[in-house]
Amino acid sequence: METILQQLVNDIKDIKINMATKDDLSGMATKDDIQRLEERLKEKIDDNAAKIDDNAAKIDRNYSQINRNFNQVAINSEKLQALSESSQRQDKSMETLALRSIEHETKLRNL
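In the working numbering, the protein residues as written are 1 to 111.
So this is what it looks like as structure tokens:
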């Protein structure tokens, strides 16, 4: 009988140790708290997903614009090269014309 009583006392002590107090329970979330938290998290996840989609669209637009800019830079570079070559030819022509003009002027003076 004593052992049974001792066993009961030990069981009661274990129950008291493992049992939650009112203070413990007041700090725990209720089902409603958890449900509200889930709803807030779902809203935030949905908002973030929408922002991610918007950012992906912006990235696509920027990528397209960068490609157009790159192509335009390449075209402008080719045109600039052609202008540079044309300018060099014109410089040579002007130099030749200047020499001819000097030669003609010299011939005219000698006449």
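Quick reminder that beta carbons are idealized off the backbone N, C-alpha and C, glycines included. Remember, it's a predicted structure, so these values are computed and weren't measured experimentally.
Sequence-distant residues of the same chain with beta carbon closer than 6 Å to residue i, five excluded per side
{"i": "Glu95", "result": "none"}
Three-state secondary structure (DSSP) of residue i
{"i": "Leu8", "result": "helix"}
{"i": "Met94", "result": "helix"}
{"i": "Leu111", "result": "coil"}
{"i": "Ala74", "result": "helix"}
{"i": "Ala49", "result": "helix"}
{"i": "Thr115", "result": "No answer is possible for residue 115: the residues shown for the chain start at 1 and end at 111."}
{"i": "Arg20", "result": "Inspection of the sequence shows that residue 20 is occupied by Ala rather than by Arg. Coil, per DSSP."}
Beta-carbon contacts of residue i that lie in its chain and below 8 Å, excluding the five residues immediately before and after
{"i": "Ala29", "result": "Leu37"}
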